[in-house]
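Chemist: Quick one: the structure is below, and I'll ask about it shortly.
Chains as they are written, first to last, in the working numbering: chain A, 1 to 302; chain B, 303 to 604.
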């Protein structure tokens, strides 16, 4: 049982964490910290935070067992620098950012000798709604939370963060920050960039109205992630610039090969690529749907 | 009321056409033509065809008001050449192929002076299942069917094909074959190629197992269309080679621009692209969901 949990950012990610911990009976007192007074008021009303604080009042973290940073990832360094002087030795801090190498660098700069108290994390869950009313109790049930522990983290610190996510129903995975960023560059950040690029490309064509008129369900699903927050994905793209460039270059090389096959009318090469993709996707889908049933809704973020 | 309709290929597309015509009371007699004796037997059993014929027995089309070609598009020329000598002046032929310029060329070669009896079409509907049991009565309800009439088509010929699709619940749109192929290269054929390319690219990486382990719902939807038939999409890619190359080149140029913005750390340029895409997609989604409610299933073809 955690005595006091402090959550910076009490929208979808932070609010769902609070709701799940409370539902599991895993926390006594939740402090919500948010720039938005309206969000704080609503979270108090919904009952998933017990007290509210503004970002300036870092004494809110006094006596906390656990601090979760669930504000936009660009604010991580600033938040950590502000709370560093108030950080007591028994308090463990974690985050929910979609990139990890940049977060670790910001945390090292902000926390200095207290870096061992910071256990980086990334819950692999989301939807396109946000704000306190978007917070749901089962957002993390059966979903992965990736922790990317640092050499300075004590096993107890890692265990406290893992235990909180497990209380929310999440399954803990562990990667290094670099592995994490390479993996998500390939399976998440690149697809987002590609989807945004396609919709933007079509929108800028002179006959875009005609094109959109005939776009159907395949286009809708392919571009669903282009419904995600542009600011958030701008930040993720830049935070994971090196790994994303590597994946984008590999994909550009793949498209260039496929273009050559298409231009040459090489039916066998096209079919080999398409068939390999279909087979690999089916195999993956069979594996993943066992673990995570599909969500039918038009959810955008993850 | 059509007296006799002959359907080549009685799986999802042809079978759903038959079911819908029958349900609407718009046809007296449906002849199913298929290579598969099992498909024919099952379609007879399900009652949506009244008699069955093998592809060789082209006398089946005698006295037909309407012939629909719903076999794989690569067979179009061969089927038309075989039925041309048996084609009576009052019989109108249409098709359901995903590309139109190549179908028109094949039809001109096969039908010669009878080309006025061929009205090309493309119903914008589908799902990843196939065979007689996949055929459903409402596949076309509220969906677009694009006709690409030829200068040689009499207005009555076009009206007969349009009337049959309308009886199935479809909304008729008209494009030239060239417009059709350019539009679908952009909004359907290119996304399919891109999705296949991404899954194949990831599958061929040495650490693909790790990558697939963390692929989540965004990846699933982005790559849904990579679950489609490799043979069908090989044929569509090659049938629409010129328009698809044009769209692919425009997209490669777009990705190259976006890569430069990413490499330069140009946050404003990235955000402008992402935000324009999000805005355009939201606008499109609001328009399309009014007309076509989303299908929650993991459907692949369209």
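Using N, Cα and C, we set each Cβ at its ideal position, and we do this for glycine too.
This structure is a prediction, so every number in the text was calculated from the model and none was measured.
#1: Going by other Cβ atoms of all chains shown within 10 Å of its Cβ, with 16 needed for buried, is residue 344 of chain B buried or exposed?
#2: From residue 317 of chain B to residue 334 of chain B, what distance separates their C-alpha atoms?
#3: Please go through the same chain and pick out, in chain order, the residues whose beta-carbon is closer than 8 Å to the beta-carbon of residue 564 of chain B, but skip the five residues on each side of it.
#4: Using DSSP with H/G/I as helix, E/B as strand and the rest coil, what is residue 330 of chain B?
#5: Can you give the Cα-Cα distance for residue 498 of chain B and residue 541 of chain B, rounded to whole angstroms?
#6: Take the Cβ of residue 89 of chain A as the centre, count every other Cβ of all protein chains shown within 10 Å, and call the residue buried at 16 or more, exposed below.
#7: Please tell me whether residue 164 of chain A and residue 12 of chain A are closer than 8 Å, where the distance is taken between their beta carbons.
#8: How big is the Cα-Cα spacing for residue 553 of chain B and residue 449 of chain B?
#9: Alpha carbon to alpha carbon, what distance is there between residue 476 of chain B and residue 258 of chain A?
#10: Could you check what DSSP says for residue 415 of chain B in three-state terms: helix, strand or coil?
#11: How would you list, in chain order, the residues of chain B whose beta-carbon sits under 8 Å from the beta-carbon of residue 202 of chain A?
#12: Quick one: is residue 480 of chain B near chain D, going by C-beta distance under 8 Å?
#13: Hey, residue 308 of chain B and residue 369 of chain B are a contact pair by Cβ (cut 8 Å); roughly how many whole angstroms apart?
#14: Can you list, in chain order, the residues of its chain whose CB lies under 7 Å from that of residue 587 of chain B, leaving out five sequence neighbours each side?
#15: State the start and end residues of the unbroken alpha helix (DSSP H) segment that holds residue 22 of chain A.
#16: Between residue 92 of chain A and residue 82 of chain A, what straight-line distance do the alpha-carbon atoms span, to the nearest angstrom?
#17: Which value, in whole angstroms, describes the spacing of the CA atoms of residue 63 of chain A and residue 19 of chain A?
#18: Could you say if the segment 218-238 of chain A and the segment 576-583 of chain B meet the contact criterion of at least three C-beta pairs nearer than 8 Å?
#19: Determine, using beta carbons only, whether residue 601 of chain B comes closer than 8 Å to chain A.
#20: What does the alpha-carbon distance come out to for the pair residue 556 of chain B and residue 495 of chain B?
#21: Between which two residues does the alpha helix (DSSP H) harbouring residue 180 of chain A extend?
#22: Return helix, strand or coil for residue 494 of chain B, following the three-state DSSP convention.
#23: For the segment 112-142 of chain A, which residues have a beta carbon sitting closer than 7 Å to at least one beta carbon of chain B?
#24: Evaluate residue 558 of chain B with the Cβ neighbour count: other Cβ atoms within 10 Å of its Cβ, from every protein chain shown; 16 or more gives buried, anything less gives exposed.
#25: Can you give me the Cβ contacts of residue 373 of chain B inside the same chain, cut-off strictly under 7 Å, excluding the 5 residues immediately before and after it?
#26: Could you say which of B/492, B/526, B/303 and B/441 lies nearest to residue 425 of chain B if we only look at CA atoms?
#27: Comparing the C-beta of residue 227 of chain A with each C-beta of chain B, is any distance below 8 Å?
#28: Whole angstroms are fine: how far does the CA of residue 216 of chain A sit from the CA of residue 591 of chain B?
#29: Just the chain B side, please: which residues come within less than 7 Å of residue 183 of chain A by C-beta, in chain order?
#30: Taking Cβ-Cβ distances shorter than 8 Å, what residues in chain B pair up with residue 219 of chain A?
#31: Helix or strand or just coil, what does DSSP make of residue 120 of chain A?
#32: Residue 497 of chain B versus chain A: which residues are under 7 Å apart at the beta carbon?
#33: When you check each C-beta in the segment 249-266 of chain A against every C-beta of chain B, which residues fall closer than 7 Å?
#34: Mapping the DSSP letters down to three states, classify residue 564 of chain B as helix, strand or coil.
#35: Is residue 463 of chain B close to chain A? Criterion is C-beta to C-beta, closer than 8 Å.
#36: Taking a contact to mean a Cβ-Cβ separation below 8 Å, would you say residue 30 of chain A touches residue 49 of chain A in this structure?
Modeler: According to the data block:
#1: Buried: at least 16 other Cβ atoms inside 10 Å.
#2: Taking the straight line from one Cα to the other gives about 9 Å.
#3: The residues are 572.
#4: Secondary structure of residue 330 of chain B (DSSP, three-state): strand.
#5: For the pair residue 498 of chain B and residue 541 of chain B, the Cα-to-Cα distance works out to about 17 Å.
#6: With fewer than 16 other Cβ atoms inside 10 Å of its own Cβ, residue 89 of chain A counts as exposed.
#7: Taking a C-beta distance under 8 Å as the contact criterion, residue 164 of chain A and residue 12 of chain A do not qualify as a contact pair.
#8: Roughly 28 Å separates the two Cα atoms.
#9: Residue 258 of chain A and residue 476 of chain B: Cα-Cα distance of roughly 32 Å.
#10: Residue state, collapsed to three classes: helix.
#11: The contacting residues are 488, 489 and 582.
#12: Among the protein chains of the structure shown, namely A and B, there is no chain D.
#13: Right, the Cβ-Cβ distance comes to about 5 Å (below 8 Å), so this counts as a contact.
#14: Result list for residue 587 of chain B: empty, nothing under 7 Å.
#15: It spans 12-23 - the alpha helix (DSSP H) in which residue 22 of chain A sits, taken as one unbroken run.
#16: Straight across, the Cα-Cα distance linking residue 92 of chain A with residue 82 of chain A is about 15 Å.
#17: Spanning the two alpha carbons is a distance of roughly 21 Å.
#18: The answer is yes - the segment 576-583 of chain B touches the segment 218-238 of chain A, with three or more Cβ pairs under 8 Å.
#19: Confidence in residue 601 of chain B is poor, its pLDDT being 40 and thus under 50, which makes the residue's placement too unreliable to answer from.
#20: The straight-line gap from Cα to Cα measures roughly 16 Å.
#21: Where residue 180 of chain A is concerned, the enclosing alpha helix (DSSP H) stretches over 177-184.
#22: Per DSSP, reduced to three states, the secondary structure at residue 494 of chain B is helical.
#23: Listed by position, the residues of the segment 112-142 of chain A near chain B (Cβ gap below 7 Å) are 124.
#24: Of the other Cβ atoms in all chains shown, fewer than 16 fall within 10 Å of the Cβ of residue 558 of chain B; this residue is therefore exposed.
#25: Beyond the five residues adjoining it in sequence on each side, residue 373 of chain B comes within less than 7 Å, by CB distance, of 310, 311 and 381 in the same chain, given in chain order.
#26: Nearest option by C-alpha distance: B/441.
#27: Residue-level contact check: residue 227 of chain A touches chain B, since one or more beta carbons of chain B fall below 8 Å from its beta carbon.
#28: As the crow flies, the alpha-carbon of residue 591 of chain B is around 10 Å from that of residue 216 of chain A.
#29: Neighbours of residue 183 of chain A on chain B, chain order: 512, 513 and 516.
#30: Result: 489, 490 and 493.
#31: Three-state DSSP puts residue 120 of chain A in coil, outside helix and strand.
#32: Near residue 497 of chain B (Cβ distances below 7 Å), the residues of chain A are 222.
#33: Cβ contacts with chain B: 250, 251, 252, 254, 255, 258, 259, 262, 263 and 265.
#34: Shown here, residue 564 of chain B sits in a helix according to DSSP, grouped into three states.
#35: Judged by the 8 Å Cβ criterion, residue 463 of chain B is not in contact with chain A.
#36: Result yes, Cβ atoms of residue 30 of chain A and residue 49 of chain A sit closer than 8 Å.
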